[in-house]
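As given, the protein sequences belong to chains A and B, one line each in that order.
Residues 6 to 338, numbered by this note's numbering, are exactly what the first sequence covers, in order.
Residues 117 to 272, numbered by this note's numbering, are exactly what the second sequence covers, in order.
Cβ coordinates follow ideal geometry from the N, Cα and C atoms, glycine included.
Computed from a predicted model, the values in this text were never measured in an experiment.
Following: one structure in structure tokens, then a few remarks.
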Amino acid sequence: MRLLIIGFGFIGKELVKALRGKIRLLREIDRDFMVVGAADSKGYIFDAGGLDVDGLSAINRLSEHQGYRAGGSASELINEDLCNVIVEATPTNIKDGEPGLTHIRLALSRGIHVVTPNKGPLVLAFRELTSIAERNSCDLLYEGTVAGAIPIFSLARECLRGDKIIRLSGILNGTTNYILSRMFFEETSFDIALKEAQEKGIAERDPSYDVDGVDAACKVVILANALMKRNAKIGDVERVGIRGVTQEAISLAKKANYAIKLIGTIDRRLEVAPKLVPINHPLCVHGTLNAIHIEMDLAGEITLVGYGAGKETVSAVLNDLITVLKRRSKQKH
Amino acid sequence: MKFDLTLALADKPGQLLRALEPIAKSGGNIISIIHERDKPAEGYVPVSLVVDFPSRQNFRDAINSLKNLGVAIIRSEEVVEKVRLTFILIGGVDLRKIIESRVEGMRVIGFEASTPKLNEVSVRMDIEVQADMVGEVVEELRKISKEQNAILISPI
Numbered sequence: 006m007r008l009l010i011i012g013f014g015f016i017g018k019e020l021v022k023a024l025r026g027k028i029r030l031l032r033e034i035d036r037d038f039m040v041v042g043a044a045d046s047k048g049y050i051f052d053a054g055g056l057d058v059d060g061l062s063a064i065n066r067l068s069e070h071q072g073y074r075a076g077g078s079a080s081e082l083i084n085e086d087l088c089n090v091i092v093e094a095t096p097t098n099i100k101d102g103e104p105g106l107t108h109i110r111l112a113l114s115r116g117i118h119v120v121t122p123n124k125g126p127l128v129l130a131f132r133e134l135t136s137i138a139e140r141n142s143c144d145l146l147y148e149g150t151v152a153g154a155i156p157i158f159s160l161a162r163e164c165l166r167g168d169k170i171i172r173l174s175g176i177l178n179g180t181t182n183y184i185l186s187r188m189f190f191e192e193t194s195f196d197i198a199l200k201e202a203q204e205k206g207i208a209e210r211d212p213s214y215d216v217d218g219v220d221a222a223c224k225v226v227i228l229a230n231a232l233m234k235r236n237a238k239i240g241d242v243e244r245v246g247i248r249g250v251t252q253e254a255i256s257l258a259k260k261a262n263y264a265i266k267l268i269g270t271i272d273r274r275l276e277v278a279p280k281l282v283p284i285n286h287p288l289c290v291h292g293t294l295n296a297i298h299i300e301m302d303l304a305g306e307i308t309l310v311g312y313g314a315g316k317e318t319v320s321a322v323l324n325d326l327i328t329v330l331k332r333r334s335k336q337k338h
Numbered sequence: 117m118k119f120d121l122t123l124a125l126a127d128k129p130g131q132l133l134r135a136l137e138p139i140a141k142s143g144g145n146i147i148s149i150i151h152e153r154d155k156p157a158e159g160y161v162p163v164s165l166v167v168d169f170p171s172r173q174n175f176r177d178a179i180n181s182l183k184n185l186g187v188a189i190i191r192s193e194e195v196v197e198k199v200r201l202t203f204i205l206i207g208g209v210d211l212r213k214i215i216e217s218r219v220e221g222m223r224v225i226g227f228e229a230s231t232p233k234l235n236e237v238s239v240r241m242d243i244e245v246q247a248d249m250v251g252e253v254v255e256e257l258r259k260i261s262k263e264q265n266a267i268l269i270s271p272i
């Protein structure tokens with residue numbers, strides 16, 4: 006397999022670092038595995054004989070790498086069939102999904118497998134992309150789009166095929182969980198907790214994407230479409246953020262043994278809203294943790310807890326990549 | 117559906133069996149039975165039963181058969197399962213609207229309001245409701261809080 010990494014931001018770089026230590030593991034599955042290219046928004050590097058992952062992990066910007074082709078685009082490399090799997094890790098854009106949507110569409114239509122932690126394209130075009138992948142018999146794996154390192158899609162795909170998911174609820178955004186946890190434990194106001202999160206780099210300077218529940222709503226859409234066969238769009242999600250949650254409300258909840266958490270729910274309706282979670286409920290996790298609680302016809306209830314953002318997301322990307330390699334090596338034999 | 121049934125049986129051998137037969141014949145599944153032999157009153161022993169019937173009609177059939185046999189029925193009623201739900205409302209809410217809302221069997225059993233310094237008023241309400249009415253209660257509260265521009269925080 007020849008891998009092209011698109012996007013050399015946080016995830017792209019962390020992936021390269023992780024690949025350094027895992028290259029032997031990957032080659033045990035696929036002897037011919039190599040990274041042939043990496044692209045950012047302004048150009049790419051490419052070597053048909055395989056790039057040196059050690060060298061790649063030492064640079065901060067792709068343009069520092071020897072042979073960087075400024076002005077070149079990832080789409081050129083995909084169009085020329087110079088790779089057979091891509092990791093699409095450009096920044097999330099939920100307005101039009103670009104540039105990720107174009108990359109993914111193009112790759113799948115050429116039978117190139119896609120692994121992506123990029124929510125935008127899946128939120129906007131889930132059905133379209135999964136049907137292109139099916140038509141061209143290639144993989145589209147997106148474990149990293151929801152709750153980072155928590156292997157929710159893999160679990161459902163591999164281990165719960167016989168079950169029907171009836172209801173799903175979860176803490177799908179680490180930033181808001183951090184803020185609400187600070188308000189719960191330290192009795193600070195929303196404004197102070199937000200400021201603290203921003204200083205720690207947990208919240209963006211413009212926090213609306215997180216605190217107004219947009220990010221969690223995106224994940225609800227992907228989960229509903231992928232696990233519960235819905236055809237949901239972001240507008241279908243009823244959404245209330247956490248800006249209006251007061252310290253007093255959190256104290257009142259605490260006295261009755263509840264915490265207030267921003268919960269994404271999929272049942273009859275799709276919803277993101279602050280909810281009361283009993284403090285002994287498995288969903289009641291704190292800090293930047295994410296948690297997903299699924300209710301099934303046979304298995305009953307299962308809860309998964311883990312980190313939803315940061316370098317842990319690389320685990321999801323790497324394991325999706327391994328799934329692609331395993332499936333193809335099976336086909337060869 | 118479950119029913120509570122208290123019968124007064126003559127303190128003579130074979131009476132319990134005689135009373136249980138029509139219940140079983142009407143499709144009743146006995147969940148519990150308390151035969152209070154230590155509390156006979158004027159020759160009668162109270163027997164308390166919880167019986168699961170497939171429908172209210174089956175229950176009525178059992179009651180009629182028991183009456184035909186001359187069994188005295190002290191009490192018979194459907195067991196209504198109740199649950200407690202906690203809600204928090206943030207913002208100006210007219211609580212009368214909630215208390216006066218027409219959701220069947222809903223009762224506000226606990227209430228606490230914050231004393232806000234800067235923020236909106238926050239209120240916690242504990243509500244008791246029939247188990248099969250939970251959905252309706254949540255919908256009603258959603259509606260009321262929306263009308264009044266308040267944030268409703270409901271249980272997961």
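Taking the beta carbon of Ser261 (chain B) as reference, no residue of chain A falls within 9 Å; the closest one sits roughly 10 Å away. Check the Cα spacing between Tyr49 (chain A) and each of A:Gln71, A:Ile28, A:Glu33: the tightest is with A:Gln71. Across the structure, Lys200 (chain A) and Val219 (chain A) are spaced so that their CA atoms are roughly 19 Å apart. For Tyr214 (chain A), the enclosing alpha helix (DSSP H) starts and ends at 213–216. The three-state reading of DSSP puts Ala314 (chain A) in coil, since its state is none of H, G, I, E or B. No Cβ-Cβ contact shorter than 8 Å links Gly159 (chain B) with Asp210 (chain B). In the displayed model, His298 (chain A) falls within a strand according to three-state DSSP. Judged by their CB atoms, Ala229 (chain A) and Ile271 (chain A) are nearer to each other than the 8 Å cut-off. DSSP places Pro162 (chain B) inside the beta strand (DSSP E), whose first and last residues are 160–168.
Closer than 8 Å to the CB of Glu236 (chain B) there is at least one CB belonging to chain A. The C-beta of Cys164 (chain A) has fewer than 16 other C-beta atoms within 10 Å across all chains shown, which makes the residue exposed. The Cβ-Cβ distance between Val245 (chain B) and Val195 (chain B) does not fall below 8 Å. The beta carbon of Ala23 (chain A) is closer than 7 Å to those of Val319, Leu323 in its chain, skipping five residues each way along the sequence. Taking 8 Å as the Cβ-Cβ cut-off, the segment 227–258 of chain A approaches chain B at Val245, Gly249, Val250, Thr251, Gln252, Glu253, Ala254, Ser256, Leu257, Ala258, given in chain order. A residue is called buried once 16 or more other Cβ atoms fall within 10 Å of its Cβ, and Thr180 (chain A) is buried on that count. Under the three-state reduction of DSSP output, Thr193 (chain A) falls in the coil class, being neither helix nor strand. With the rule of 3 Cβ pairs closer than 8 Å, the segment 147–164 of chain A counts as touching the segment 289–305 of chain A. Assignment of Met249 (chain B) by DSSP, reduced to helix, strand and coil, places it in the helix class. With a threshold of 8 Å between beta carbons, Ala296 (chain A) makes no contact with chain B. For the pair of segments examined, the segment 52–60 of chain A was found not to touch the segment 123–131 of chain A: the number of CB pairs separated by less than 8 Å stays below three.
Ser142 (chain B) and Val167 (chain B) have their C-alpha atoms roughly 11 Å apart. Residue contact check for Tyr263 (chain A) against chain B: a CB pair falls below 8 Å.
An exposed status is given to Gly14 (chain A), since fewer than 16 other beta-carbon atoms sit within 10 Å of its beta-carbon. At a cut-off of 8 Å between beta carbons, Glu228 (chain B) contacts chain A. Chain-order list of chain B residues neighbouring Leu288 (chain A): Ile272, by C-beta distance under 7 Å.
Under a 10 Å Cβ-count criterion, Ser142 (chain A) is classified as exposed, with fewer than 16 other Cβ atoms of the shown protein chains found around its own Cβ. Looking at the DSSP output, Met39 (chain A) sits in a beta bridge with A:Arg7.
In the structure shown, the three-state DSSP call for Val187 (chain B) is coil. Boundaries for Phe15 (chain A): no beta strand (DSSP E) harbours it, while the alpha helix (DSSP H) harbouring it runs 15–34, taken from the DSSP string. A direct Cα-to-Cα measurement between Gln203 (chain A) and Gly249 (chain A) gives close to 18 Å. Taking the C-beta atoms as reference points, Leu232 (chain A) is found nearer than 8 Å to Leu173 (chain A). Secondary structure of Ala75 (chain A) (DSSP, three-state): strand. Between the alpha carbons of Lys316 (chain A) and Lys224 (chain A) lies a distance of about 18 Å. Residues of chain B with a Cβ closer than 8 Å to the Cβ of Ile268 (chain A) are, in chain order, Ile272. Contact check for Val282 (chain A) against Ile272 (chain B) passes: the beta carbons are separated by less than 8 Å.
Neighbourhood of Leu303 (chain A) in chain B, by CB distance below 7 Å: empty, with the nearest CB roughly 22 Å away.
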